[in-house]
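Asks:
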Ligand SMILES: [Zn+2]
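In my numbering, the protein residues as written are 47 to 219.
#1: Kindly list the residues whose CB is nearer than 6 Å to the CB of residue 48, restricted to its own chain and excluding five residues on each side of it in sequence; keep chain order.
#2: At the level of alpha carbons, what is the spacing between residue 135 and residue 173?
#3: Can you tell me where the beta strand (DSSP E) with residue 260 in it begins and where it stops?
#4: Is residue 166 close to ligand 1? I mean its beta-carbon at under 7 Å from any heavy atom of the ligand.
#5: Since residue 156 contacts residue 111 with CB under 8 Å, what's their CB separation in whole angstroms?
#6: Hey, residue 76 and residue 182 are a contact pair by Cβ (cut 8 Å); roughly how many whole angstroms apart?
#7: Per DSSP, what kind of secondary structure is residue 86 in: helix, strand or coil?
#8: With hydrogens ignored, establish whether the beta-carbon of residue 157 is closer than 7 Å to any heavy atom of ligand 1.
#9: Which residue comes first and which comes last in the beta strand (DSSP E) that contains residue 157?
#10: Leaving out five residues on either side along the sequence, give the residues of the same chain with a beta carbon under 8 Å from the beta carbon of residue 125.
#11: Excluding sequence positions up to five away, which residues of its chain have a Cβ less than 6 Å from the Cβ of residue 209?
#12: Starting from residue 72, follow the beta strand (DSSP E) in both directions and report where the run begins and ends.
#13: Which of helix, strand or coil does DSSP assign to residue 119?
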């Protein structure tokens, strides 16, 4: 049942840009709740116990545009869940809508975390850009004097996610 997810190959910078545009169009502001965003897109979030889980941290089942379900573990932290939700939305936009709008026939798609397939990196870049837009992240980085805990709490992400974003923007080595 594991099918390969085809990367969009837009490149890291384009994906960061694209995810910021998507977030803005959806009316998302850093730190906002993601539940209304998923709902607005026609998606559902389902929390699974460890026994039900088919993947370490999350997955998405897409039936069609405007019809998908994101599965999350019920034992993970909210900041981690938020990144997972946006990662799965990355699959939705980059690996479903993108291919479909280019005329590819895609019925349904189920994405689970496979570790190091390229599509996973793309979904992570999407999540980082969505949750931590470049300009606001950079100005906040200055405002908080590079304090990763303050940044993480402002953007409601994990400290690790804030650190990775700071590095990708060359604010941190
Ligand atoms: Zn994934």
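In this text, a Cβ means the ideal position worked out from N, Cα and C, and glycines have one as well.
Replies: Short version:
#1: At residue 48, the pLDDT of 45 sits below 50, so the modelled position is not reliable; the number obtained from the coordinates is stated separately. Taken in chain order, the list of residues that qualify is empty.
#2: As the crow flies, the alpha-carbon of residue 135 is around 8 Å from that of residue 173.
#3: The structure shown has nothing for residue 260, since the chain only spans 47 to 219.
#4: Indeed, a heavy atom of ligand 1 lies less than 7 Å from the Cβ.
#5: In fact, because the Cβ distance is near 15 Å, the residues do not count as touching under 8 Å.
#6: Indeed they touch by this definition, with Cβ atoms about 6 Å apart.
#7: Residue 86: helix per DSSP, three-state reduction.
#8: Between ligand 1 and the CB of residue 157, the shortest heavy atom gap is smaller than 7 Å.
#9: 155–158
#10: Cβ contact annotation for residue 125 (same chain, cutoff 8 Å, sequence separation greater than five): 198, 202, 203, 204 and 207, in chain order.
#11: 194
#12: No beta strand (DSSP E) contains residue 72, which DSSP labels as neither H nor E.
#13: strand
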